[in-house]
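As they're listed, the protein sequences go chains A, B, C and D.
Letter 203 of the first sequence, counting from 1, is numbered 203 in UniProt numbering, and no numbers are missing.
Letter 141 of the second sequence, counting from 1, is numbered 141 in UniProt numbering, and no numbers are missing.
Letter 224 of the third sequence, counting from 1, is numbered 224 in UniProt numbering, and no numbers are missing.
Letter 254 of the fourth sequence, counting from 1, is numbered 254 in UniProt numbering, and no numbers are missing.
Heads up, the beta-carbon is just placed ideally off N, CA and C, and yes, glycines get one too.
Step one of this worksheet: look at the structure below.
Number of protein chains: 4
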Amino acid sequence: MKILFLGDVMGRAGRRAIVERLQPLRERLKADLVVVNAENTSGGRGCTAGHAQLLLESGADCLTLGDHAFDQKDMLAFIDKESRIVRPLNFAKDAPGRGHTVISDARGRKLLVTQALGQVFMSRPYDDPFSALDGVLRAHPPGGLVQAALVDFHAEATSEKMASGHFCDGRASIVVGTHTHVPTADIQILPRGTAFQSDAGMCGDYDSIIGMDKTEPLRRFITGMTRDRFTPAEGEATLSGIFVETDDRTGLARSAIPVRQGGRLAATPDELT
Amino acid sequence: MKILFLGDVMGRAGRRAIVERLQPLRERLKADLVVVNAENTSGGRGCTAGHAQLLLESGADCLTLGDHAFDQKDMLAFIDKESRIVRPLNFAKDAPGRGHTVISDARGRKLLVTQALGQVFMSRPYDDPFSALDGVLRAHPPGGLVQAALVDFHAEATSEKMASGHFCDGRASIVVGTHTHVPTADIQILPRGTAFQSDAGMCGDYDSIIGMDKTEPLRRFITGMTRDRFTPAEGEATLSGIFVETDDRTGLARSAIPVRQGGRLAATPDELT
Amino acid sequence: MKILFLGDVMGRAGRRAIVERLQPLRERLKADLVVVNAENTSGGRGCTAGHAQLLLESGADCLTLGDHAFDQKDMLAFIDKESRIVRPLNFAKDAPGRGHTVISDARGRKLLVTQALGQVFMSRPYDDPFSALDGVLRAHPPGGLVQAALVDFHAEATSEKMASGHFCDGRASIVVGTHTHVPTADIQILPRGTAFQSDAGMCGDYDSIIGMDKTEPLRRFITGMTRDRFTPAEGEATLSGIFVETDDRTGLARSAIPVRQGGRLAATPDELT
Amino acid sequence: MKILFLGDVMGRAGRRAIVERLQPLRERLKADLVVVNAENTSGGRGCTAGHAQLLLESGADCLTLGDHAFDQKDMLAFIDKESRIVRPLNFAKDAPGRGHTVISDARGRKLLVTQALGQVFMSRPYDDPFSALDGVLRAHPPGGLVQAALVDFHAEATSEKMASGHFCDGRASIVVGTHTHVPTADIQILPRGTAFQSDAGMCGDYDSIIGMDKTEPLRRFITGMTRDRFTPAEGEATLSGIFVETDDRTGLARSAIPVRQGGRLAATPDELT
Ligand SMILES: [Fe+2]
Ligand SMILES: [Fe+2]
Ligand SMILES: [Fe+2]
Ligand SMILES: [Fe+2]
Ligand SMILES: [Fe+2]
Ligand SMILES: [Fe+2]
Ligand SMILES: [Fe+2]
Ligand SMILES: [Fe+2]
């Protein structure tokens, strides 16, 4: 199966890139399924029901969220109605929605999509993501009930992210990090067959501070003083993520390449035209 | 000027890669100057005087350190004798050594090398890196006293790292992050001419947890229990960093490309042979 | 000199306690000077100009602030007009106002009042408080230019707070912590003569979570989910702080006792009637 | 039932105070049961099997631990042999030992003793303590299977500690914090009958930095540089804790007073002679 995963969609610039460029990218890559992290879709903070629908109509088959899952309050109710949205397994004991889902491609092949939050350097404490992932992966062996399994590990620390990859190695098709909004150049297939990237990067404007307009965050770093709110940067977004081809029989990765299209970062695979 | 910067050298595997492969890489790239981050050279914790000399004899013109600067106690005395080693400007009020230095290439062209520690998510508090960098950059305008200026921003958070790039944009030739041990795929020339990469990655074994053998860190993440010490992973290291060509007149960047050679990561520029 | 210090005034309940009970308390204790921490006076977040004036008219001779110093935006301008308000020395490079001031009692005796922010477990990074305090204390030797010196060390960690006490021991009359909103029972005169208490506690309702109504913080701790804003608890506040008598000649402490009046905590010295 | 709880025993000074002064204190207070936090008994880091036995022979009926539970490696095996030692419920998934125990006084009355770790500002992440405590308290309703229940909430943040008190209010006899090594002066009986103190303080030398000799921690705070290890301060320790009388029928608190004996802090109840 050919699976495209794109990192955190950042505000209007990110939405525009998805609406205008995801469908052609999907076709060009012949992706069977597309998963998109949507936790920053609405003004950089969470994702409204309307924006979730927009992404799902624009070429995404499934959305993941993150620590900002419910920053937009209508998601609290919407997530229970839309089975294609996944919030972190360990978001909170009383969180609505689901921490994993199974989606199908046009040929009926199944992909498990799940997400967990790291514990290191996060703004709130979350329960152990490793045991949470363990349960879900045991229940969905790739090559068994599902043809492939994708883990979005939403975390800050590279140590914890690399640990998530090795922990799932051989049990998931793809472990891809999100949350830092910067793509990493460490894509590899781990020893037991799982495709891994520490962070997919964001779908946002890279002339920014993690997708936000530079002015206010720079002021805070330089002067220590706060003046305004953060607002997403409005320059052209780079679609950023990972493209993996999996073996339907084993669920393991055959190949994994970075995807970056548009905006300021060097294009890979070569420019979409 | 052509400047090669390589990220955190990680233990024996990293040292071996430097000793065996830095000189050919340097020649192939026709690098005029090479700067290497050495904070994890000795067992993953700090850098002994002997290992510092080894790196300087193996093709490095200058070494930077980081939060682990003085984990090996002999560096406390050695750093005052070796002007080619830079510790963070804001390491501590009473730290020995220097936070910036100027080195010269074979043709006498000068490169300022400086380093600062971020404040976000670090294990100890450090004073404001932005005002520290401001002073050093004002005193060394590229295109003036020096032909180029390189800032190693040793930090965890992508927000603070991107802020360091924009803060120095137009005033430094290169701002490159270190500390996370994972290379980022966001190399770009910022609007006012500074080459930027959030993290150079490590010179270490990428089948690991940030360069450490996987067993013990995985145990701690999964079980919550400690058993052994961390030891560096011993597989072949990837040399990882950034290569920048600067304009000697303006000190700004003309081009910037990723460098990854050997080990498990995809090679760039194409494989060194 | 007899000096009363009261900890963080928390919202309306705290203001009411100051307005109604500070003047009688002051008289009963025969306090020469009263310093009050005002960082949570207005809705629990910062202190408006109007509320600052109210406290100064109700028996406080000087106000200190904290990490919430400028949560109420009108304080940014007001602090430069009112010399009796002190913000932390190390709040931020570009902060308005002053980090220390000297006030005088009815007999002309002078008290230095200064404040610093700790670095451990704080929500933002601050520069080194120890060197900042060092400069101010050197310039104002108690028993010299001033008869006494009070340091409000606004910090979370007990280790850093105890360190601040020992660091200033013999150089300040009083080192008293603030910020945790819980009074500590460790009042002592340190070996070289400085009165010390790790935290003065808050002037607020102790049937609460650090002065906030219990409902929302409990929800967040128990369920992990956010619903409403925090609002200060409205039950009767306890005035909480420390009362120190100093030697005008040496500036050192002769005696130090806890003060807690009203609300839920056991009264000391015996109930004010 | 009359229950005495003493906070973190700190090194040799703390052990000596327990050995020499706990038995007389126990008799004078006519305590039916004594619980002691032992996480810093051995050199300030953890508690060896031998030191645990020493405390249990010196007047303690039960020991609690904390984040330092297994710093002394022989505790990993010993805790499974000694049912009177409790480690935190949420220490780690694979931790040996138990998170709660039931002990009996001379008249056969039963006391539940349990411990949980907070999540805020701790050096490692722990799973949700509130749901862990909920399960234990539901299974041991005071006034039912046990006559009383004591919760040692081992945490840094005053907000989380106060939340633990309100969460257990009416369901436990005593909620007492540990870990900060400074006693708080906020002892109260909460609205539904639970005796509460944010922190019991340590049994250690208060002319110190949280029980450690001042020299090295002061050096680190002031200079930012490390030289030596931390070692416990050796001055006379203060026994520090809380004494609660409970109603055997309801399990709720009738009275709660601070206990501080010896060393530098003001004695309460009046000096033991
Ligand atoms: Fe996130
Ligand atoms: Fe995000
Ligand atoms: Fe580092
Ligand atoms: Fe490093
Ligand atoms: Fe406060
Ligand atoms: Fe505060
Ligand atoms: Fe502890
Ligand atoms: Fe402790």
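{"Item": "Partner residues on chain A for Lys214 of chain C, Cβ-Cβ distance less than 9 Å", "Value": "Those do not exist, as Lys214 of chain C stays about 17 Å from chain A at its closest Cβ, beyond 9 Å."}
{"Item": "Pro24 of chain A (DSSP reduced to helix, strand or coil)", "Value": "helix"}
{"Item": "Ala172 of chain D classed as buried or exposed, judged by whether at least 16 other C-beta atoms fall within 10 angstroms", "Value": "buried"}
{"Item": "Inter-residue CB distance, Val86 of chain D and Gly59 of chain D (contact presumed, cutoff 8 Å)", "Value": "Not really, about 17 Å apart at Cβ, beyond 8 Å."}
{"Item": "Nearest-residue set for ligand 1, Cβ under 7 Å from any heavy atom", "Value": "A:Asp8, A:Glu39, A:Gly66, A:Asp67, A:His68, A:His154, A:Thr178, A:His179"}
{"Item": "Contact with chain B by Met10 of chain A, beta-carbon distance below 7 Å", "Value": "no"}
{"Item": "First and last residue of the uninterrupted alpha helix (DSSP H) at His51 of chain D", "Value": "49-57"}
{"Item": "Status (buried if at least 16 other CB within 10 Å, exposed otherwise) for Gln23 of chain D", "Value": "exposed"}
{"Item": "Chain F within 7 Å of Gln188 of chain A, Cβ atoms only", "Value": "Protein chains A, B, C and D are contained in the structure displayed, whereas chain F is not."}
{"Item": "Sub-7 Å separation of Val36 of chain B and Leu63 of chain B beta-carbons", "Value": "yes"}
{"Item": "Per-residue contacts from residue 274 of chain D into chain C (C-beta, under 7 Å)", "Value": "The question about residue 274 of chain D has no answer here: the residues shown for chain D are numbered 1 through 273."}
{"Item": "Leu133 of chain A classed as buried or exposed, judged by whether at least 16 other C-beta atoms fall within 10 angstroms", "Value": "buried"}
{"Item": "CA nearest to the CA of Gly32 of chain C, picked from C:Met10, C:Asp67, C:Gln147, C:Gly193", "Value": "The sequence shown places Asp at residue 32 of chain C, rather than the Gly named in the question. Cα-wise, what sits closest to Asp32 of chain C is C:Gln147."}
{"Item": "Spatially closest choice to Arg219 of chain C from D:Ser42, D:His166, D:Ile257, D:Gln188, by CA coordinates", "Value": "D:His166"}
{"Item": "Contact belief for Gln188 of chain D with Arg21 of chain C at Cβ below 8 Å, rounded distance in angstroms", "Value": "About 19 Å separates the two Cβ atoms, so there is no contact after all."}
{"Item": "Distance CB(Leu112 of chain D)-CB(Tyr126 of chain D) smaller than 7 Å", "Value": "no"}
{"Item": "Proximity test, Cβ basis, 7 Å: Gln119 of chain A and chain D", "Value": "yes"}
{"Item": "Chain B contact for Arg171 of chain A (CB, 7 Å cutoff)", "Value": "no"}
{"Item": "Short CB-CB distance (under 7 Å) between Pro125 of chain C and chain B", "Value": "yes"}
{"Item": "Outcome for Asp270 of chain C when other beta-carbon atoms lying within 10 angstroms are tallied against a minimum of 16", "Value": "exposed"}
{"Item": "At least three beta-carbon pairs within less than 8 Å, the region 231-240 of chain C to the region 138-156 of chain D", "Value": "no"}
{"Item": "Touching by the beta-carbon criterion (3+ pairs, under 8 Å), the region 45-53 of chain A and the region 209-224 of chain C", "Value": "no"}
{"Item": "For Thr194 of chain B, the three-state DSSP class (helix, strand or coil)", "Value": "coil"}
{"Item": "Anticipated Cβ contact below 8 Å, His179 of chain D with Ala149 of chain D, distance rounded", "Value": "Not a contact, Cβ separation roughly 20 Å."}
{"Item": "Ranges of the alpha helix (DSSP H) found wholly within the region 108-161 of chain C, counting only runs of at least 4", "Value": "129-139"}
{"Item": "Whether Gly241 of chain D touches Phe5 of chain D by CB criterion (7 Å)", "Value": "yes"}
{"Item": "Residues of the region 124-152 of chain B with Cβ closer than 7 Å to any Cβ of chain D, in chain order", "Value": "none"}
{"Item": "Residue interval of the alpha helix (DSSP H) (run including Pro217 of chain A)", "Value": "215-223"}
{"Item": "Glu259 of chain C and Ala253 of chain C closer than 7 Å at C-beta", "Value": "According to the sequence displayed, residue 259 of chain C carries Val and not Glu. The answer is no: Cβ separation not under 7 Å."}
{"Item": "Rounded C-alpha distance that separates Ser198 of chain A from Ile174 of chain A", "Value": "11 Å"}
{"Item": "Sequence-distant residues of its chain with Cβ nearer than 8 Å to Gly262 of chain C (five each side left out)", "Value": "Ala17, Arg21, Glu236, Ala237, Thr238, Leu239, Leu272"}
{"Item": "Limits of the unbroken alpha helix (DSSP H) element including Ala77 of chain A", "Value": "75-78"}
{"Item": "Cβ neighbour criterion (16 or more within 10 Å) applied to Leu25 of chain D", "Value": "buried"}
{"Item": "Whole-angstrom distance between Ile3 of chain A and Glu27 of chain A, CA atom to CA atom", "Value": "12 Å"}
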